[in-house]
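Input: a single structure, listed below in structure tokens.
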Amino acid sequence: MKRAPATNIPAVSTARSSPETPVAAPDAAVFRTRADEVYAQLKRDVADFILVPGDRFTESEISDRLGVSRTPVRQALFRLQQEGFVEVLFRSGWRVLPFDFDQFEQLYDLRMVLETTAVHRLCETDRHIDRRLLEMLADIWLVPAAQRSTDMAQVAQWDEAFHCSLVAAAGNAEMARVHGDVTDRIRIIRRLDFTKQPRIDATYDEHAKILKAVRANRGDQAAMLLRAHIETSQAEVRKITLHQVHLARHAGKVAPR
Numbered sequence: 032m033k034r035a036p037a038t039n040i041p042a043v044s045t046a047r048s049s050p051e052t053p054v055a056a057p058d059a060a061v062f063r064t065r066a067d068e069v070y071a072q073l074k075r076d077v078a079d080f081i082l083v084p085g086d087r088f089t090e091s092e093i094s095d096r097l098g099v100s101r102t103p104v105r106q107a108l109f110r111l112q113q114e115g116f117v118e119v120l121f122r123s124g125w126r127v128l129p130f131d132f133d134q135f136e137q138l139y140d141l142r143m144v145l146e147t148t149a150v151h152r153l154c155e156t157d158r159h160i161d162r163r164l165l166e167m168l169a170d171i172w173l174v175p176a177a178q179r180s181t182d183m184a185q186v187a188q189w190d191e192a193f194h195c196s197l198v199a200a201a202g203n204a205e206m207a208r209v210h211g212d213v214t215d216r217i218r219i220i221r222r223l224d225f226t227k228q229p230r231i232d233a234t235y236d237e238h239a240k241i242l243k244a245v246r247a248n249r250g251d252q253a254a255m256l257l258r259a260h261i262e263t264s265q266a267e268v269r270k271i272t273l274h275q276v277h278l279a280r281h282a283g284k285v286a287p288r
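Numbering (my numbering), first residue to last: 32 to 288.
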């Protein structure tokens, strides 16, 4: 398996402490409660298809599996309920909510606005931008075909980092924060876009074209390429079925991180 060179793109601080999106990592000394840890683990379980839409479970089952008391489990589940990941069932535990594809469509539309705005800003010569992040992305995506990674889970992580880095590099912290929230909410569905090799090849090609346009300060071209890239991904998401989600879990197509 060929892999792109390792990079030091810093991790974003999200609710699930994702390592694949590029904003400054939180201080290691930040205090985390047991409920925070359970919350982060359950959110990873949903994103990694250990818990899939429609799955039912009880607080006791989660408590036993994670080796914690039911109190932090309950606190974590209430947080996930507020975020729309799970729902409580009357006298019968909890259930992972089915995908809301209308909401995903809206989130993709918002993502489109944020990212195309970001690449326009990256191409404005009078703005202060983080070129270090752009060079880190070049180390991953502007490589010969023989050096491209074929690890689907790795490419999925790098893809997320690519889009978050474009927004972060533009220098607007509030845009990056909102984009990070959108990224967190669509992560579960976008990872299914990397279960076939042709999609990986297309992602390398499209990311390379976007980066080259940005580096040449061709804002309109970069935004056009980025829009087409996101629309293609959005179209693939529309094809995803619950059956595919179960296949992804049981066939190990999306490896847990």
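Every residue gets a Cβ at the ideal spot worked out from N, C-alpha and C, and that includes glycine.
A quick note: this is a predicted structure, and the numbers were derived from the prediction, not measured.
Would you mind giving the Cβ-Cβ distance between residue i and residue j, rounded to the nearest angstrom? I have them listed as a contact below 8 Å.
| i | j | result |
| --- | --- | --- |
| L138 | V213 | 5 Å |
| I241 | L257 | 5 Å |
| L111 | V209 | Not confirmed; about 20 Å, so no contact. |
| Q106 | A71 | Their Cβ separation, rounded to whole angstroms, is 12 Å, which puts Q106 and A71 out of contact at 8 Å. |
| F193 | L168 | 6 Å |
| R221 | S264 | 7 Å |
With distance defined between alpha-carbon atoms, name the residue in the options nearest to residue i.
| i | options | result |
| --- | --- | --- |
| N203 | A177, T148 and A169 | T148 |
| A177 | Y235, A259, Q72 and E114 | Y235 |
| A187 | D161, I217, A207 and H159 | I217 |
| K270 | M255, F130 and F109 | F130 |
| L141 | M206, T156 and R126 | M206 |
| R96 | L120, L73, F109 and G124 | L73 |
| R246 | G115, T156 and Q113 | T156 |
| L223 | V268, S196, T263 and P229 | V268 |
| D182 | Q113, F225 and A233 | F225 |
| E166 | L197, P175 and R158 | L197 |
| N248 | R158, E114, S94 and L120 | R158 |
Would you call residue i buried or exposed, if buried means 16 or more other Cβ atoms sit within 10 Å of its Cβ?
| i | result |
| --- | --- |
| T102 | exposed |
| Q309 | What is shown of the chain runs 32 to 288, which leaves residue 309 out entirely. |
| A266 | exposed |
| L82 | buried |
| V61 | Note that V61 scores a pLDDT of 45, beneath 50, so its modelled location is shaky; the value from the coordinates is reported in the next line. The residue in question, V61, is exposed, as its Cβ has fewer than 16 Cβ neighbours within 10 Å. |
| E191 | buried |
| R122 | exposed |
| A286 | At A286, the pLDDT of 43 sits below 50, so the modelled position is not reliable; the number obtained from the coordinates is stated separately. Under this definition A286 is an exposed residue. |
| Q228 | exposed |
Would you say residue i and residue j are within 8 Å of each other, going by their C-beta atoms?
| i | j | result |
| --- | --- | --- |
| L128 | E118 | yes |
| H151 | G250 | yes |
| V69 | E90 | no |
| V77 | I219 | yes |
| A239 | L173 | yes |
| A201 | I171 | no |
| Q252 | A259 | no |
| G124 | F88 | yes |
Who are residue i's beta bridge partners in DSSP?
| i | result |
| --- | --- |
| P126 | Looking at the sequence shown, residue 126 is not Pro but Arg. R87 and E118. |
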